[in-house]
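Enquirer: Pasting in a structure now, in structure tokens, and then I'll have a few things to ask.
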Amino acid sequence: MFVNSLLLDYLMENGLTIVGGSYTRDVIGVDFDYGAHNAKDEIKKIQRIISQHQDDVEYVKTLEEKLEFVKAHEDLYVSKTSNELREDFYRDGISITYYKHAANGRRVPDETIHYRYWYRSTGKAKAGKTVFIRDELYDVAIDFIRMGIKLPDKNAKIVEMSAYSALIGSGIVGYVDLQPENILILKDVDSYFRTNVVSVETDENKECILKHLNDYEVKNTLWDGMALIDESIFPKRLKWLKEEGEYVEPEGFVLLRQHMFKACAFNTNIQMFFKDYYKDAYETAEIEDMFGIKHRAKDIKLITTDNAVKWIKFGVSYEYWCDYIHKTTGDRFGVVKTSHPSKFGKYQKTSYQMINTLSMDIMPSVAESSVNYINQLKTDDKVYLKYLADNKNFSNDYEVLLALVEQDPEFMKSEYFRYRRKHIISEYVKRFKLGKTLQNAENLTICFSPYALLLYTVGEDIEKDETLCPDEDAVQVYTKRFACGEMLAGFRNPHCSQNNILALQNVRHPLMEKYFNFDGCTMAVNARHTDVQDRASGEDADGDTNYVTNEPNMVAHAYY
């Protein structure tokens, strides 16, 4: 599946062949899950399978035909491991012959295409998923994703280029029109905090040991992967999520992609802040970025830091990046995702990792909401039908069941409907037993000290940020999802132990209400002089989420 992206837009304008409106042979995905057998091993394998399926005449006939083919082409079979195949294909590419059906019904060769390795997709890099492209398109395609950057013959940053060039190919659901010159890029800031830690280290035998270190200094990078986007260009009418004509409240954030650019941009009244700060000097006020370039304050539509722009690592200038965006993508930034509430209303499911770090004696309380919901699924038709509607997809029959009920409500009394209801609820109970309990919670997308970033933008000391302050007992946060003053527990995956649970306190401040248009799926977190990033397994603000709940017993564990 070659998803919608800025990369696809460019290829379609530069030679990609589309057949039938949605199909192309120009791009393929290649997995390296298996190796290859030599002829001798392949023959043994087929013979073994034949001996196991003697009763299936048609299947055995097919296998015997394959066996004869292998014997007739033994020289074509070579033993290779999956890693050896990967090396061969990366170096030499791969040829694939496509077939078509002739008039007599036989399959005959249509065309043979040679593909070259192109890139590893960002979402599949850990699994080794790769993308290959037709030879004829390779030069224009590789030049596009690498921004025309030529790697040197020696000491080339191949790993970094492989990771960052693929960002332009991220799947998107919409666009934001934004001239790159209206982006203010600043140098990020580190904030330090001293606390007691448990350090996992290795001894002289290279075995893991734990060390308890007191008064240890930890560091937060304040705005790693984060951006603020002015409300004037924030996509308030998200047509890719809502039906045309439906009123849409401003959402809290958009996750943006461009050439070697990755940032989670939070809905902010940037220009309102500048007007309040500069007052009569607003029209002529200028702000200098990290490159020494001055921007008129009234032109700035997005504020971010050097951690969001990966092209810096390759010696590319700000002006070069802007020009490349102008000529290739038309000043459009791709929106990878935006916020949406839980389909369970005010509830959200836990993971088994979270449950494993809690105490057994609080399980009745933790499981209470889920048990009540399961009982409702069994006894309340409206709740059950809503569950079907919220969880229907192409691989289940929920939509069919709903259509039959809509056509005739009496269908719910049928033996088949009752059988499916029992089975569906049983599957839900199995997932519940695996730790998927419902809590009054939400997966909140986080940003760090956003008002401090506004202050930093205009040259003020970030320690003047009074909206989210250091606290001895908890990390102060701001979210509309929970009430002011509530004590909360926060979890982030990967979640390993009780030490990873964040103790949070929800606060309100007029400046947060005035300058930030956050929704109930967004949370600002104080990163100044806290251990929040280390405690949450190195989280940053490029779209990371925290599972946040006010369930009393889970909150109590956060404050141990």
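Those letters in the sequence shown? Residues 204 to 763, per my numbering, in order. Think of the CB as a built atom: it goes at the ideal place given N, C-alpha and C, for glycine as much as any other residue. These numbers were taken from a predicted model, which means no experiment stands behind them.
Apart from the five residues just before and just after Ser368, which ones in its own chain have a Cβ nearer than 8 Å to its Cβ?
Expert: Taking Ser368 as the centre and dropping the five residues before and after it, the same chain places the C-beta of Tyr322, Ile348, Arg349, Met350, Met463 closer than 8 Å to its C-beta, in chain order.
Enquirer: In terms of DSSP beta bridges, what is Pro653 paired with?
Expert: Its beta-bridge partners do not exist; DSSP assigns none.
Enquirer: Which partner residues does Phe547 have in the DSSP bridge list?
Expert: Tyr550
Enquirer: Can we count Val519 as close to the ligand MN, meaning its CB is less than 7 Å from some heavy atom?
Expert: Only the bare structure without any ligand can be found here, which leaves the ligand MN out of the picture.
Enquirer: Using the Cβ count rule (16 or more neighbours within 10 Å means buried), how would you classify Arg337?
Expert: buried
Enquirer: Out of Tyr320, Tyr318, Thr300, which has the shortest C-alpha to C-alpha gap to Val311?
Expert: Thr300
Enquirer: Just how far apart, CA to CA, sit Gly638 and Gln701?
Expert: 16 Å
Enquirer: What are the boundary residues of the alpha helix (DSSP H) that Glu290 is part of?
Expert: Residues 285–295.
Enquirer: Measure the C-alpha to C-alpha separation of Asp676 and Asn696 and round it to an integer number of angstroms.
Expert: The straight-line gap from Cα to Cα measures roughly 23 Å.
Enquirer: Do Cys467 and Ala744 count as a contact pair if the criterion is CB distance below 8 Å?
Expert: yes
Enquirer: Compare the Cα-Cα distances from Tyr527 to each of Ala727, Leu270, Glu384 and report the closest residue.
Expert: Considering only alpha carbons, the answer is Glu384.
Enquirer: Going by DSSP, what residue range makes up the beta strand (DSSP E) through Tyr762?
Expert: Per DSSP, Tyr762 belongs to no beta strand (DSSP E) and is neither H nor E.
Enquirer: Since I believe Ile297 is in contact with Phe335 (beta carbons under 8 Å), could you give me their beta-carbon distance rounded to a whole number of angstroms?
Expert: The pair is a contact, with the Cβ atoms about 6 Å apart (cut-off 8 Å).
Enquirer: Count the other CB atoms, across all protein chains shown, that sit within 10 Å of the CB of His276; report buried if there are 16 or more and exposed otherwise.
Expert: exposed
Enquirer: Based on Cα-Cα distance, which residue from Asn286, Lys616, Ser554, Ile432 lies nearest to Cys699?
Expert: Ser554
Enquirer: Can you grab the Cα-Cα spacing for the pair Ile577 / Lys516, in whole Å?
Expert: Cα-Cα distance, rounded: 52 Å.
Enquirer: With a cut-off of 8 Å, do at least 3 Cβ pairs link the stretch 714–729 to the stretch 538–554?
Expert: Judged by Cβ distances under 8 Å, the stretch 714–729 makes contact with the stretch 538–554, as three or more pairs qualify.
Enquirer: Rounded to whole angstroms, what is the Cα-Cα separation between Asn399 and His415?
Expert: 7 Å
Enquirer: What residue from Ser365, Tyr481, Ala430, Val392 has the CA that sits closest to Leu458's CA?
Expert: Ala430
Enquirer: Can Gln610 and Phe536 be called in contact, C-beta distance under 8 Å?
Expert: no
Enquirer: Tell me which same chain residues have a C-beta within less than 8 Å of the C-beta of Gln708, skipping the five on either side of it?
Expert: Asp674, Asp676, Ala677, Val678, Gln679, Val680, Gly688, Glu689, Met690, Leu691
Enquirer: Less than 8 Å between the C-beta atoms of Ser153 and Leu641, yes or no?
Expert: There is simply no residue 153 to check, as the chain begins at 204 and stops at 763 in what is shown.
Enquirer: Let me check understanding here. Comparing Cα to Cα, which of His304, Leu714, Thr265, Pro755 lies closest to Thr471?
Expert: Leu714
Enquirer: Write down every uninterrupted run of the beta strand (DSSP E) in the stretch 647–695 whose length is 3 residues or greater and which is fully enclosed by it, in chain order.
Expert: Taking only runs of at least 3 residues, the beta strand (DSSP E) segments lying wholly in the stretch 647–695 are 678–681, 690–694.
Enquirer: For Pro438, count neighbouring Cβ atoms within 10 angstroms of its own Cβ and tell me buried if that reaches 16, exposed if not.
Expert: buried
Enquirer: Which stretch, first to last residue, makes up the beta strand (DSSP E) that contains Ile490?
Expert: 489–491
Enquirer: Only counting the same chain, and skipping five residues up and downstream in sequence, which positions put a Cβ closer than 6 Å to that of Lys636?
Expert: none
Enquirer: Relative to the C-alpha of Ser402, which residue among Asp747, Leu607, Asp418 is closest?
Expert: Asp418
Enquirer: Per DSSP, His498 forms a beta bridge with which residues?
Expert: Ile490.
Enquirer: Leaving aside the five residues before and after Met757 along the sequence, list all residues of the same chain whose C-beta is less than 6 Å from its C-beta, in chain order.
Expert: Ala692
Enquirer: Alpha carbons only, please: which of Val392, Val343, Gly518, Arg228 is nearest the one belonging to Asn510?
Expert: Val392
Enquirer: Terminal residues of the continuous beta strand (DSSP E) containing Val334?
Expert: 333–337
Enquirer: Under a Cβ-count criterion, where at least 16 other Cβ atoms within 10 Å of its own Cβ denotes burial, should Ser373 be classed as buried or exposed?
Expert: buried
Enquirer: In the DSSP output, what is Ser394 paired with across the bridge?
Expert: Asn423
Enquirer: Under a Cβ-count criterion, where at least 16 other Cβ atoms within 10 Å of its own Cβ denotes burial, should Cys650 be classed as buried or exposed?
Expert: buried
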